[in-house]
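Visitor: Handing you a structure now.
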Amino acid sequence: MWTTTIGGNDLSTDSSDPVYMLRHSTAHLLAQAVGELYPGVKYAIGPPIEEGFYYDFEFPQPIKEEELLLIENRMHEISGRKLPIERSVLSREMAIAHETARNQQYKVELINDLPENEEISFYRQGDWIDLCRGPHVPDTGHIKHFHLLHIAGAYWRGNEKNKMLTRIYGTAWPTQQELDDYLYRLEEAKKRDHRVLGRELGLFMFSSEVGQGLPLWLPKGATLRDTLMDFMKKEQLNRGYQGVVTPHIANAKLYMKSGHLKNYNAKMFPLMQDEAEGETYVLKPMNCPHHIMIYANELRSYRDLPVRLAEFGTVYRYEQSGELTGMLRVRGFTQDDSHLFVTPEQLKPEFKGVVDLMLFTLNRLGLTDYRVRVGVRDPKDDKYIGTDENWKAAEEAILLAVQEMGMDYEVSEGDAAFYGPKLDLMVRDALHREWQMGTVQVDYNLPERFELEYVAEDGQRHRPIMIHRAPFGSLDRMIGLLVEHYAGAFPFWLAPQQVCIIPIADRHNGYAQELKVRLRDSGIRVEVDGRNEKMGKRIREAEMQKVPVMLVCGDRDIEAGTVSVRRRGEGDLGAKSIDETTEYLLGLLSS
RNA sequence: GCCGACGUGGCGCAGAGGUAGCGCAACGGUUUCGUAAACCGUCGGUCGUCGGUUCGAAUCCGACCGUCGGCUCCA
Numbered sequence: 000m001w002t003t004t005i006g007g008n009d010l011s012t013d014s015s016d017p018v019y020m021l022r023h024s025t026a027h028l029l030a031q032a033v034g035e036l037y038p039g040v041k042y043a044i045g046p047p048i049e050e051g052f053y054y055d056f057e058f059p060q061p062i063k064e065e066e067l068l069l070i071e072n073r074m075h076e077i078s079g080r081k082l083p084i085e086r087s088v089l090s091r092e093m094a095i096a097h098e099t100a101r102n103q104q105y106k107v108e109l110i111n112d113l114p115e116n117e118e119i120s121f122y123r124q125g126d127w128i129d130l131c132r133g134p135h136v137p138d139t140g141h142i143k144h145f146h147l148l149h150i151a152g153a154y155w156r157g158n159e160k161n162k163m164l165t166r167i168y169g170t171a172w173p174t175q176q177e178l179d180d181y182l183y184r185l186e187e188a189k190k191r192d193h194r195v196l197g198r199e200l201g202l203f204m205f206s207s208e209v210g211q212g213l214p215l216w217l218p219k220g221a222t223l224r225d226t227l228m229d230f231m232k233k234e235q236l237n238r239g240y241q242g243v244v245t246p247h248i249a250n251a252k253l254y255m256k257s258g259h260l261k262n263y264n265a266k267m268f269p270l271m272q273d274e275a276e277g278e279t280y281v282l283k284p285m286n287c288p289h290h291i292m293i294y295a296n297e298l299r300s301y302r303d304l305p306v307r308l309a310e311f312g313t314v315y316r317y318e319q320s321g322e323l324t325g326m327l328r329v330r331g332f333t334q335d336d337s338h339l340f341v342t343p344e345q346l347k348p349e350f351k352g353v354v355d356l357m358l359f360t361l362n363r364l365g366l367t368d369y370r371v372r373v374g375v376r377d378p379k380d381d382k383y384i385g386t387d388e389n390w391k392a393a394e395e396a397i398l399l400a401v402q403e404m405g406m407d408y409e410v411s412e413g414d415a416a417f418y419g420p421k422l423d424l425m426v427r428d429a430l431h432r433e434w435q436m437g438t439v440q441v442d443y444n445l446p447e448r449f450e451l452e453y454v455a456e457d458g459q460r461h462r463p464i465m466i467h468r469a470p471f472g473s474l475d476r477m478i479g480l481l482v483e484h485y486a487g488a489f490p491f492w493l494a495p496q497q498v499c500i501i502p503i504a505d506r507h508n509g510y511a512q513e514l515k516v517r518l519r520d521s522g523i524r525v526e527v528d529g530r531n532e533k534m535g536k537r538i539r540e541a542e543m544q545k546v547p548v549m550l551v552c553g554d555r556d557i558e559a560g561t562v563s564v565r566r567r568g569e570g571d572l573g574a575k576s577i578d579e580t581t582e583y584l585l586g587l588l589s590s
């Protein structure tokens, strides 16, 4: 089953759900409190959202975050008044006259946009009244357990050309216990934040001297990247991909031809002028034009297709500074990118093959909670290249494939790439924000622009179709998300350091070093912590660094040729022989 | 980019007009130890940057840089 969403909004919340209703009423309570405290305020919209609600206002003067407390206190006071909440219906003319008289132009605009036959209802509590479809709780006394969280700017109707309003976010729950639990969960989630753990675990860093949104990967983080790349390379080798390597910059003419300079310009770093040679270069925001050049390098036969060119390609996108978020949105990142050049007959099976790889990948990473989004064109927007026929064919190919695969998915208008529609895997971070991870896109348009060809069985030249795909999406974002998913405690195969050997006293260091060489030869990432610290302290630090296995060795072990195995979070598992230990560790690799 | 908040040694914090402190980390020494923090000592800060107010600024004001929460946009 699938639902349609418009403009990417998640409207899955159900207006008959009591919690949804409660939050909606809390938004009204907030608006009433704001109205009492700030005369002249203008009301925009105030819907319930997944874990709370917000209300957008235009304040006569900007407000400060500390004023939220005053507003919240007033809300409690109004709640105590137990004002009945009453519904009334007005004619369109009456409704407009009413809001015009109150000088509420946002409400007038909303009424004007309501469909002809829509009933226009208002909800009154005390002397405060708001345009609203409802439903609401019976009286304000029902609203008790809420908290205002933060203040933010939001453009009226989400359009940056409109005036920026002040949005107040809050949360509301049926009981105090649920509110407390929610606030506790928020605090806990912050501890999983990949920006915090990334520093504590020594994975990555940012430097303002290098530049905003440009990540620097530390040795342990680089090991994680290598592990993920090895995983994907092996999988791609099994699935008939060929690796290629292309440069980070290109002549601007290439990106002129691809349409990027026209349709992706806002996201590209400023062009580089080579005055001496009279050339202009771009820092690549995508890898496709480069891979297209490799495809076009030779005349291809239908026997060669599908051609699957893969590269861990680092791309640079000029994201707005306010949008940068740790590793989850950066300005330079590495995609596990590939472009497949296929015949029309191959499109569906190849597309399904890619989806299979994407799902296999998420499963292996332990990310089982994801949403499938099919991004199609927004017909009102002109940021796309290509003909309507091509778009129709590409969108149908994707929808048919996912339906045949029996997948749950949602269609989102306006979320296509500029050259074609796509299927995205969406995953949430610790704070429940949703991010696009893996993506697969069907593209009839770039092959046309570059006049790509292959010779078919009929001896004639035909045009291939392109599939763009990246199962991880980007290594940077994927690792950021994995850090949060596992709270830094990676499964054994992913852990940057898999084993920490802890010799109890100095005299056991030699034994520990021999063990290390042995395990390293078996392909285990292992270090010895032979520092002059008590064993307990070194165990504690290994636990905090989330090392999955600790091997402790002292006199007894050297005597018996054993090592005592300790599993992170589980404690001492007892002594094992070196062979048993090696086998145990290799067994963990596949778990 | 826009709205709001924040910026003090590597990290976490205190200091609210009178010349910067605490814990952890780091470093040195002692200790050689059986499953989550041994003991003693030492080093370390142009208080994000620049400018202004003041006899005097980490504390007040302005601009810029960066970070955080959103909006817009996207891997």
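For the record, in the first sequence the residue sitting at position 277 is 276 according to numbering that gives the first Met the number 0, with numbers rising by one throughout.
The beta carbon of each residue, even a glycine, is placed where N, CA and C say it ideally should be.
Runs of 3 residues minimum, wholly inside the region 144 to 178: which ones carry the beta strand (DSSP E) assignment?
Guide: For the region 144 to 178, whole beta strand (DSSP E) runs of length 3 or above, ordered along the chain, are 144 to 154, 163 to 172.
Visitor: Give me the DSSP bridge partner(s) of R86.
Guide: For this step, residue 86 is matched to residue 87 along the first sequence. Answer by DSSP bridge pairing, in chain order: Y122.
Visitor: Which residue comes first and which comes last in the alpha helix (DSSP H) that contains M477?
Guide: As a working mapping, residue 477 is identified with position 478 in the first sequence. Note, M477: alpha helix (DSSP H), 474 to 485.
Visitor: What does the Cβ neighbour count give for I248, buried or exposed, with the cut at 16 atoms within 10 Å?
Guide: Within the first sequence, residue 248 is the residue found at index 249, counting from 1. Its Cβ having fewer than 16 others within 10 Å, I248 is exposed.
Visitor: Give the single residue among T25, G51, L588, G157 whose Cα lies nearest to the Cα of L493.
Guide: Stepping through the first sequence from its first residue, residue 493 is reached at position 494. Checked all of T25, G51, L588, G157; the closest Cα to L493 is L588.
Visitor: I'd like to know whether the C-beta atoms of L200 and K219 end up nearer to each other than 8 Å.
Guide: The count along the first sequence starts at 1 and reaches residue 200 at position 201. The count along the first sequence starts at 1 and reaches residue 219 at position 220. Yes; because the gap between Cβ atoms is below 8 Å, this pair is in contact.
Visitor: Among D129, Y42, G125, which one has its Cα closest to the Cα of D138?
Guide: Here the question's residue 138 lines up with position 139 in the first sequence. Checking every option, the nearest Cα to that of D138 belongs to G125.
Visitor: Just to check my reading of the structure: L451 and C287 have Cβ atoms closer than 8 Å, yes? What is that Cβ distance to the nearest angstrom?
Guide: As a first step, residue 451 must be located in the first sequence, where it is residue number 452. As a first step, residue 287 must be located in the first sequence, where it is residue number 288. Not quite, the Cβ-Cβ distance comes to about 11 Å (not below 8 Å), so this is no contact.
Visitor: Thinking C-alpha only, which one of E532, P343, K391 is nearest I466?
Guide: On the first sequence, residue 466 is found 467 positions in, with the first residue counted as 1. Taking only the C-alpha atoms, the option nearest I466 is P343.
Visitor: If you pair each beta-carbon of the region 388 to 399 with each one of the region 232 to 250, do three or more pairs fall below 8 Å?
Guide: Flag = no, the region 388 to 399 and the region 232 to 250 do not touch.
Visitor: Below 7 Å CB to CB, which residues in the same chain sit around V341 once its five sequence neighbours on both sides are set aside?
Guide: Start at 1 with the first residue of the first sequence, and residue 341 comes out as number 342. The answer, listed in chain order, is L304, P305, E349, P463, I464, I466.
Visitor: Would you give the residue range spanned by the beta strand (DSSP E) that Y294 belongs to?
Guide: Along the first sequence, read from residue 1 onward, the residue named residue 294 stands at position 295. From DSSP, Y294 is part of no beta strand (DSSP E) but of the alpha helix (DSSP H) over 287 to 294.
Visitor: Which one of G331, L202, A469 has the shortest CA to CA distance from D355?
Guide: In the first sequence, counting from the first residue as 1, residue 355 sits at position 356. Checked all of G331, L202, A469; the closest Cα to D355 is A469.
Visitor: Throw me the rounded Cβ distance for the K533 and R567 pair, which I believe falls under 8 Å.
Guide: Walking along the first sequence from the start, residue 533 turns up at place 534. Walking along the first sequence from the start, residue 567 turns up at place 568. Between R567 and K533 the Cβ distance is about 19 Å, and since that is not below 8 Å, they are no contact.
Visitor: Using beta-carbon positions only, say whether R132 and L474 come within less than 8 Å of one another.
Guide: For the purposes of this step, residue 132 is taken as residue 133 along the first sequence, with counting starting at 1. For the purposes of this step, residue 474 is taken as residue 475 along the first sequence, with counting starting at 1. No. Outside cutoff.
Visitor: Which of the three DSSP states, helix, strand or coil, is assigned to M267?
Guide: The sequence position of residue 267 within the first sequence is 268, counting from 1. DSSP places M267 in coil when its eight states are reduced to three.
Visitor: Determine the closest residue to F285 out of N296, E234, E274, H338, with distance taken between C-alpha atoms.
Guide: As a working mapping, residue 285 is identified with position 286 in the first sequence. Looking at the sequence provided, one finds Met at residue 285 rather than Phe. Residue H338 is the option with its Cα nearest to M285.
Visitor: Given that a residue counts as buried once 16 or more other Cβ atoms are within 10 Å of its Cβ, and exposed if not, what is F626?
Guide: With the chain covering only 0 through 590, there is no way to say anything about residue 626.
Visitor: Exposed or buried, S24, counting other C-beta atoms within 10 Å across all chains shown (16 or more means buried)?
Guide: Position 25 of the first sequence, counted from the first residue, corresponds to residue 24. Buried: at least 16 other Cβ atoms inside 10 Å.
Visitor: Within 10 Å of its beta-carbon, does V88 have 16 or more other beta-carbons around it, so buried, or fewer, so exposed?
Guide: The residue you call residue 88 lines up with position 89 of the first sequence. Its Cβ having fewer than 16 others within 10 Å, V88 is exposed.
Visitor: According to DSSP, is R330 part of a helix, a strand, or is it coil?
Guide: Reading the first sequence from its first residue, position 331 is the one you call residue 330. In this structure, R330 counts as coil in the three-state DSSP scheme.
Visitor: Find the nearest neighbour of G419 within the set G405, W390, V426, judged by alpha-carbon distance.
Guide: Position 420 of the first sequence, counted from the start, is the residue given in the question as residue 419. When only C-alpha atoms are compared, the closest one is W390.
Visitor: Taking the continuous beta strand (DSSP E) assigned at K575, which residues delimit it?
Guide: Taking the first residue of the first sequence as 1, we reach residue 575 at position 576. Residues 570 to 576.
Visitor: Considering T561, what are the terminal residues of the beta strand (DSSP E) in which it resides?
Guide: Position 562 of the first sequence, counting from 1, holds the residue named residue 561. Where T561 is concerned, the enclosing beta strand (DSSP E) stretches over 561 to 566.
Visitor: Exposed or buried, which one is L298 when buried takes at least 16 other CB atoms within 10 Å?
Guide: Along the first sequence, read from residue 1 onward, the residue named residue 298 stands at position 299. L298 should be labelled exposed.
Visitor: I need the boundaries of the alpha helix (DSSP H) containing A26, first residue and last residue.
Guide: Taking the first sequence and counting its residues from 1, one reaches residue 26 at position 27. Segment 17 to 36, the alpha helix (DSSP H) holding A26.
Visitor: Would you call the region 41 to 57 in contact with the region 68 to 86, where contact means no fewer than 3 C-beta pairs closer than 8 Å?
Guide: The region 41 to 57 is not in contact with the region 68 to 86.
Visitor: Pull the bridge partners of Q272 from the DSSP assignment, please.
Guide: Taking the first residue of the first sequence as position 1, residue 272 is located at position 273. In the DSSP output, where bridge partners are listed per residue, Q272 has T279.
Visitor: In the structure shown, what three-state DSSP assignment does I523 receive?
Guide: For the purposes of this step, residue 523 is taken as residue 524 along the first sequence, with counting starting at 1. Residue state, collapsed to three classes: coil.
Visitor: Tell me which residue opens and which closes the alpha helix (DSSP H) that Q440 is part of.
Guide: Start at 1 with the first residue of the first sequence, and residue 440 comes out as number 441. From DSSP, Q440 is part of no alpha helix (DSSP H) but of the beta strand (DSSP E) over 433 to 442.
Visitor: Look at L130 and A94 and say whether their C-beta atoms are less than 8 Å apart.
Guide: Along the first sequence, read from residue 1 onward, the residue named residue 130 stands at position 131. Along the first sequence, read from residue 1 onward, the residue named residue 94 stands at position 95. Yes.
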